[in-house]
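Engineer:
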């Protein structure tokens with residue numbers, strides 16, 4: 213059985229449409245979605261409509277939480293833009309999403325950052341100087357303790373990565389559908405850059421013999437139109453990110 217894993221769409225409806233079309237072309241019917249769906253200066257409402265129409269299994273990310281808990285004046289600009297674009301139906305959908313989810317029937321656990329915190333990087337870590345690097349094995353194992361599932365899914369860093377734990381469990385980040393690079397100042401100033409404008413997601417193949425295969429897919433789409441929308445919506449910085457995969 214194949215399951216598509218998407219995450220970090222960030223309101224990029226053109227990228228989401230391309231990814232959904234690619235998923236459909238493979239005959240994959242099961243999709244799970246790991247959060248940060250709508251915050252971004254492209255088309256949050258259209259993104260929400262696409263997700264709601266497909267009834268995709270979804271959880272809440274840190275930006276989704278901010279949309280629901282902060283007053284607009286306290287939000288960062290991409291959250292505020294999304295909040296202004298969404299209607300009550302979109303917000304009701306967000307409110308119903310859990311922060312984590314067990315899918316025992318598929319052997320999956322879903323979270324956004326780590327099982328404990330939607331703001332913490334799981335498979336990546338930072339040096340004091342803000343250099344992003346793969347986290348060490350002991351830390352990854354520690355954060356996975358007590359989570360009983362063969363495949364643990366995370367997102368948040370936008371970097372596609374697969375790690376095999378010492379007990380054989382897999383920890384998978386599918387990368388970002390809609391935002392291939394960003395800059396953050398917590399816990400220190402740093403950049404995350406994939407170096408490509410393509411939309412990223414992953415496919416899990418749970419086979420009858422009990423084995424699991426994982427494939428990452430990087431999908432070309434009309435990123436120029438997404439970049440134009442970002443510029444028109446007051447975020448030319450996002451235009452470079454969407455066009456190049458670099459900040």
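Residue numbers (the working numbering): 213 to 459.
Where a beta carbon is used, it is the ideal one built from N, C-alpha and C, also for glycine.
Spatial neighbours of residue 272 within its chain, please: C-beta separation below 6 Å, excluding the five flanking residues on both sides.
Structural biologist: 247, 309 and 311
Engineer: Where do the ends of the beta strand (DSSP E) carrying residue 384 lie?
Structural biologist: 382 to 385
Engineer: Give me whichever residues DSSP pairs with residue 402 in a beta bridge.
Structural biologist: 396
Engineer: Count the other CB atoms within 10 Å of the CB of residue 340; is the residue buried (16 or more) or exposed (fewer)?
Structural biologist: exposed
Engineer: So the alpha helix (DSSP H) residue 304 belongs to, where does it begin and stop?
Structural biologist: 300 to 307
Engineer: Mapping DSSP to helix, strand and coil, what is residue 286?
Structural biologist: helix
Engineer: Check residue 357 in the structure and name its three-state DSSP category.
Structural biologist: coil
Engineer: According to the Cβ coordinates, are residue 325 and residue 367 closer than 9 Å?
Structural biologist: yes
Engineer: Could you check what DSSP says for residue 315 in three-state terms: helix, strand or coil?
Structural biologist: strand
Engineer: Is it buried or exposed, residue 316, if we count other Cβ atoms within 10 angstroms and call 16 or more buried?
Structural biologist: exposed
Engineer: Let me check understanding here. Comparing Cα to Cα, which of 400, 387, 299 and 241 lies closest to residue 227?
Structural biologist: 387
Engineer: What does DSSP give as the partner residues of residue 345 in its beta bridges?
Structural biologist: 337
Engineer: In or out: residue 280 buried (at least 16 other Cβ within 10 Å) or exposed?
Structural biologist: Exposure of residue 280 is indicated by the presence of fewer than 16 other C-beta atoms within 10 angstroms of its C-beta.
Engineer: At which residues does the alpha helix (DSSP H) containing residue 378 begin and terminate?
Structural biologist: Run containing residue 378: none; DSSP gives neither H nor E here.
Engineer: Would you mind sorting residue 448 into buried or exposed? The rule is 16 or more other CB atoms within 10 Å of its CB.
Structural biologist: By the neighbour-count rule (16 or more Cβ atoms within 10 Å), residue 448 is not buried but exposed.
Engineer: In the DSSP assignment, the beta strand (DSSP E) including residue 224 goes from what residue to what residue?
Structural biologist: Unbroken run through residue 224: none, as it is neither H nor E.
Engineer: Threshold first: 4 residues or longer. Then list the alpha helix (DSSP H) segments lying entirely within the region 244 to 298, N to C.
Structural biologist: 256 to 266, 274 to 281 and 289 to 297
Engineer: Give a yes or no on contact between the region 219 to 238 and the region 425 to 438, applying the rule of three or more CB pairs nearer than 8 Å.
Structural biologist: yes
Engineer: Apart from the five residues on each side of it in sequence, which residues of its chain come closer than 8 Å, Cβ to Cβ, to residue 287?
Structural biologist: 278, 279 and 295
Engineer: Would you mind reading off the limits of the beta strand (DSSP E) that contains residue 452?
Structural biologist: First-last for residue 452: 448 to 456, but that is the alpha helix (DSSP H), not the beta strand (DSSP E).
Engineer: Any idea what DSSP makes of residue 412, helix, strand or coil?
Structural biologist: strand
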